[in-house]
Amino acid sequence: MKLFKLSLFFLLGGFSFLNAQNADRKYVSLTQKDSLFEIETSDGVYLIKPYSTKIIETTFIPVGQNYDPKSHAVVLKPSHLEFRVVEEAEQIELTSSGISIEIRKNPFQILYFYKEDFLISEGKGYVKTEEFETLDFNLSADEVLMGGGARALGMNRRGNRLELYNRAHYGYGDRSELLNFTLPIVFSSNKYLLHFDNAPIGFLDLDSKKDNSLQYETISGRKTYQVVAGDSWEDLLDQYTDLTGKQPMIPRWALGNFSSRFGYHSQREVEQTIQRFKEDSIAVDAVILDLYWFGKEMKGTMGNLEFERDSFPEPQKMIAKLARQGVKTILVSEPFILTTSKRWEEAVSRRVLATDKAGNPFTYDFYFGNTGLVDVFKPEAQSWFWNIYKDLAKMGIAGWWGDLGEPEVHPAELQHLGGSAEEMHNIYGHAWAKMIFEGYQRDFPEQRPFILMRAGAAGSQRFGLIPWSGDVSRSWGGLQSQPEISLQMGMQGLAYMHSDLGGFAGDLQNDPLYIRWLQYGVFQPIYRPHAQEAVASEPVFKEPETKALAKKAIELRYQLLPYNYTLAFENNQRGIPLMRPLFFEEPENPEIYKVADTYLWGNDFLVSPVLQDSIHKKEVYFPGKDNWFDFYTGKKHPGGTRDSVSLSQDHIPTYVRGGAFIAMAKPMLTTADYSGETLEVHYYFDEQIKQSSSYVYHDDGKTPDSFEKGSYELLKFESSYSGDALDITIEKEAGGNSTSAVRLVEITVENLKKPMGFVWVNGIKYTNKNFLHQKKLHIPVRFELARTTIKIEFN
Numbered sequence: 005m006k007l008f009k010l011s012l013f014f015l016l017g018g019f020s021f022l023n024a025q026n027a028d029r030k031y032v033s034l035t036q037k038d039s040l041f042e043i044e045t046s047d048g049v050y051l052i053k054p055y056s057t058k059i060i061e062t063t064f065i066p067v068g069q070n071y072d073p074k075s076h077a078v079v080l081k082p083s084h085l086e087f088r089v090v091e092e093a094e095q096i097e098l099t100s101s102g103i104s105i106e107i108r109k110n111p112f113q114i115l116y117f118y119k120e121d122f123l124i125s126e127g128k129g130y131v132k133t134e135e136f137e138t139l140d141f142n143l144s145a146d147e148v149l150m151g152g153g154a155r156a157l158g159m160n161r162r163g164n165r166l167e168l169y170n171r172a173h174y175g176y177g178d179r180s181e182l183l184n185f186t187l188p189i190v191f192s193s194n195k196y197l198l199h200f201d202n203a204p205i206g207f208l209d210l211d212s213k214k215d216n217s218l219q220y221e222t223i224s225g226r227k228t229y230q231v232v233a234g235d236s237w238e239d240l241l242d243q244y245t246d247l248t249g250k251q252p253m254i255p256r257w258a259l260g261n262f263s264s265r266f267g268y269h270s271q272r273e274v275e276q277t278i279q280r281f282k283e284d285s286i287a288v289d290a291v292i293l294d295l296y297w298f299g300k301e302m303k304g305t306m307g308n309l310e311f312e313r314d315s316f317p318e319p320q321k322m323i324a325k326l327a328r329q330g331v332k333t334i335l336v337s338e339p340f341i342l343t344t345s346k347r348w349e350e351a352v353s354r355r356v357l358a359t360d361k362a363g364n365p366f367t368y369d370f371y372f373g374n375t376g377l378v379d380v381f382k383p384e385a386q387s388w389f390w391n392i393y394k395d396l397a398k399m400g401i402a403g404w405w406g407d408l409g410e411p412e413v414h415p416a417e418l419q420h421l422g423g424s425a426e427e428m429h430n431i432y433g434h435a436w437a438k439m440i441f442e443g444y445q446r447d448f449p450e451q452r453p454f455i456l457m458r459a460g461a462a463g464s465q466r467f468g469l470i471p472w473s474g475d476v477s478r479s480w481g482g483l484q485s486q487p488e489i490s491l492q493m494g495m496q497g498l499a500y501m502h503s504d505l506g507g508f509a510g511d512l513q514n515d516p517l518y519i520r521w522l523q524y525g526v527f528q529p530i531y532r533p534h535a536q537e538a539v540a541s542e543p544v545f546k547e548p549e550t551k552a553l554a555k556k557a558i559e560l561r562y563q564l565l566p567y568n569y570t571l572a573f574e575n576n577q578r579g580i581p582l583m584r585p586l587f588f589e590e591p592e593n594p595e596i597y598k599v600a601d602t603y604l605w606g607n608d609f610l611v612s613p614v615l616q617d618s619i620h621k622k623e624v625y626f627p628g629k630d631n632w633f634d635f636y637t638g639k640k641h642p643g644g645t646r647d648s649v650s651l652s653q654d655h656i657p658t659y660v661r662g663g664a665f666i667a668m669a670k671p672m673l674t675t676a677d678y679s680g681e682t683l684e685v686h687y688y689f690d691e692q693i694k695q696s697s698s699y700v701y702h703d704d705g706k707t708p709d710s711f712e713k714g715s716y717e718l719l720k721f722e723s724s725y726s727g728d729a730l731d732i733t734i735e736k737e738a739g740g741n742s743t744s745a746v747r748l749v750e751i752t753v754e755n756l757k758k759p760m761g762f763v764w765v766n767g768i769k770y771t772n773k774n775f776l777h778q779k780k781l782h783i784p785v786r787f788e789l790a791r792t793t794i795k796i797e798f799n
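Here is the structure:
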């Protein structure tokens with residue numbers, strides 16, 4: 005069947021790749037050991053290893069090279085998979101219940117299928133050139149390609165040759181070809197993903213030659229890739245994050261508002277800023293101290309990694325005072341130890357620095373001074389560096405900002421344990437995050453770490469790494485690129501990608517831009533205004549009208565805490581990003597793969613940020629088959645339609661799916677005041693929706709692996725509509741070690757315009773007037789029983 009389908013595909017013009025095969029590669033033999041296959045060819049050996057029915061790994065080992073089994077990215081253990089092996093004169097078929105492989109003998113070629121649907125094939129396969137070792141693949145003519153890390157190129161990145169070299173782009177706007185996270189990952193509109201499992205630098209060519217080809221080009225290392233398939237986009241990402249690791253639950257306070265700038269110069273300035281938040285009743289959960297915490301000057305002090313006591317005379321007292329106000333303290337740190345810093349001699353004597361080829365500390369100049377670089381791949385460097393973090397954490401520091409970790413300047417001649425700078429460059433931030441994460445596991449096992457990093461690699465999410473989009477310009481162009489970057493990175497496992505709200509680079513004072521950025525931030529993973537200090541990033545320093553609008557956005561962010569925390573749990577369990585492209589709703593619609601200016605926030609919000617100046621209307625596409633209700637007016641928009649919507653100054657276009665249950669919290673000024681004891685749950689009634697379900701996840705917000713330890717609660721909601729009545733069921737599931745927190749759920753039924761009769765709660769009959777409030781039905785549910793039933797009868 006699959007050979008017939010593939011042949012038909014070729015005849016219809018989907019491929020013309022026979023000339024792309026490597027005619028010099030000859031098949032020699034196939035050896036099978038359990039479900040592992042070794043294919044010998046005239047110029048090397050292929051190793052094929054299944055991880056599951058949906059993940060297969062292929063490695064090519066050229067003649068004269070040795071197999072390197074070590075992966076920085078993969079954590080999944082291979083599983084035994086039953087293959088049906090059929091060898092014929094011209095080909096071999098390895099067939100499973102999921103991914104299957106066809107090996108063509110002459111000319112040699114490997115093709116991949118999933119449940120009989122063709123995915124992708126090698127073209128020339130492995131090719132060595134003077135500059136690179138290359139893996140070459142064929143593409144179908146119409147597939148959309150995404151991935152390659154954090155870039156601003158448009159959602160369809162086909163046609164680009166993407167450099168794989170993590171690098172900062174200061175002040176970028178609506179386009180950036182190269183940013184801090186370059187990942188060797190490609191995912192296709194045909195619902196498969198390719199991960200090239202190798203660290204050294206290179207390129208990812210997504211059909212830049214317009215010949216329906218894809219190439220991975222590397223200077224050295226493994227010629228290993230995994231093909232990942234899925235039955236849906238959600239399933240595909242679940243598989244990929246099984247392969248490379250799931251993101252741990254972040255601390256709940258990390259979903260709150262941050263006070264951050266470049267930078268706070270003194271303890272007094274920090275305390276006075278937080279006091280302004282309190283006086284203005286604007287919620288805040290954390291303050292981030294940039295480089296002035298360890299030095300009065302921008303240059304010459306990096307690497308001190310201790311509080312500058314003239315400016316911060318009583319840091320422990322400051323940290324404790326902020327903590328009593330519900331505000332966590334986060335410190336910036338960099339991996340550069342300047343030769344003028346207080347720790348230079350210590351770093352040299354402890355042999356923690358990257359070296360030259362003679363083994364001496366490699367020093368060089370960059371913006372901040374003459375420096376060495378901590379070799380985070382060395383065990384002794386990891387121990388030395390971590391002990392600095394550990395001592396500061398004991399003072400009460402709650403989180404870490406790892407800056408410049410590409411590394412920002414990384415001379416090719418520099419040597420790390422394990423390889424040269426160019427071989428280790430793209431996994432430097434990954435190893436740094438791993439060091440901090442594993443340090444917390446050893447020394448602070450009851451605390452979820454907060455690890456904000458400017459660079460990382462495939463799989464960095466499993467170390468709790470929280471990425472941001474770098475030094476974006478404070479401009480409308482800078483804002484326009486942000487949804488695309490977050491959506492693409494979420495698809496590549498790093499689901500907490502976010503931006504410096506308001507924009508970082510430049511001294512533009514533009515309050516309308518600032519407000520639109522903060523309103524967008526309500527529906528991005530981390531809410532962190534940050535900028536160069538020439539123009540304040542904190543809302544408390546804005547003009548009254550701007551401050552009021554910022555405050556309203558922040559209040560909504562906190563209201564959505566239970567919903568957002570549940571999204572974090574879904575990401576932790578299934579790898580699904582918080583921000584989701586519209587093609588999750590319409591995977592067969594080719595046009596929708598281009599859309600980044602409207603997206604899903606979780607399953608039930610549709611968000612369309614205002615990304616242009618001085619516009620009064622915006623065209624919004626409403627995806628799928630469900631109805632979408634305006635979050636502010638209740639107006640209904642059918643799925644599969646477009647509408648030009650009017651814009652309001654005080655919010656961005658936001659819609660809720662018909663049949664959704666949206667959990668919200670009472671007002672708060674810090675998440676330290678959140679208990680989960682009382683929840684507001686808004687049910688969006690829609691006569692079109694006959695049945696729907698949802699849930700809210702709750703735990704203490706701070707203990708690692710709470711779900712796995714049984715220290716959690718799940719509130720499960722179901723609705724059923726028959727025309728005559730609406731039934732709502734609420735059921736609580738508590739883990740075996742749960743100390744129950746949820747006591748009261750206040751159900752509000754939105755869009756309920758039908759005449760009502762009686763309302764039944766757990767079999768007790770009430771008139772609807774018992775629960776009517778401002779023309780809405782409000783029903784309080786106290787959890788004296790594990791299950792509550794509500795029936796609303798219509799006249």
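Residue numbers (this note's numbering): 5 to 799. Even glycine gets a Cβ: it sits at the ideal position worked out from N, Cα and C. Please read all numbers here as calculations on a predicted model, not as lab measurements.
Item	Value
Whole-Å CB distance - A435 paired with F381, under 8 Å assumed	6 Å
Beta-carbon proximity of D209 to R162, cut-off 8 Å	no
Proximity below 8 Å, CB of N261 to CB of Y531	yes
Proximity of M495 and S473 at Cβ, strictly below 8 Å	no
Start and end residues, alpha helix (DSSP H) containing T277	271-283
Whole runs of the alpha helix (DSSP H) within the region 536-584, excluding any shorter than 4 residues	548-563, 565-578
T771 to M760 span [Cα, whole Å]	9 Å
C-beta contact flag for L357 and A233 at 8 Å	no
Proximity to E735 [Cα-Cα], best of A729, D728, F721	F721
CA-to-CA distance, Q251 to Q465, given in whole angstroms	5 Å
Simplified DSSP state of Q471, which is helix, strand or coil	Reading the sequence as shown, one finds Pro at residue 471 and not Gln. DSSP places P471 in strand when its eight states are reduced to three.
C-alpha gap between L396 and L157, whole angstroms	40 Å
Where S387 falls: helix, strand or coil (DSSP)	helix
Same chain, Cβ closer than 6 Å to H686, neighbours up to 5 away in sequence not counted	I666, T752, E754
D289 vs G330 beta-carbon contact at 8 Å	yes
Three or more C-beta pairs below 8 Å linking the region 723-732 and the region 681-695	yes
Completely contained beta strand (DSSP E) runs for the region 78-142, where each covers 3 or more residues	88-91, 95-99, 103-109, 112-118, 121-132, 137-142
Candidates A93, K74, I59, of which the one nearest L85 by Cα	I59
Inter-residue Cα distance where the pair is E681 and G510	44 Å
Runs of beta strand (DSSP E) wholly within the region 213-260 (minimum 3 residues, chain order)	217-222, 228-233
W297, enclosing beta strand (DSSP E) - first and last residue	W297 -> no beta strand (DSSP E), and no H or E assigned at all.
Test item: CB-CB of Y55 and L247 under 8 Å	yes
Residues that W521 bridges to, as DSSP identifies them	Note: W521 sits in no beta bridge, so no partner.
Through-space distance from F41 to K53, alpha-carbon basis	7 Å
Whole-angstrom distance between G102 and G506, CA atom to CA atom	46 Å
Segment contact flag, the region 474-486 with the region 253-272, C-beta cutoff 8 Å, min 3 pairs	no
Contiguous beta strand (DSSP E) assignments of at least 3 residues, all confined to the region 637-682	640-642, 645-650, 658-661, 665-668
Residue from G463, S696, V624, E797 with nearest C-alpha to L187	G463
Length of the line joining the Cα atoms of K780 and I732	16 Å
Exposure label - V67; buried when at least 16 CB within 10 Å	exposed
Three-pair Cβ contact test at 8 Å for the region 187-197 versus the region 144-154	yes
Per DSSP, cross-strand counterpart(s) of D728	D728 is not bridged to any residue.
Span separating the alpha-carbon of L34 from that of A77	28 Å
Neighbourhood of T245 by C-beta, 6 Å cutoff - its chain only, sequence neighbours within 5 removed	G497, G579
Pairwise C-alpha distance: E589 and D407	36 Å
Cβ-based burial, P627 [other Cβ within 10 Å; buried from 16]	buried
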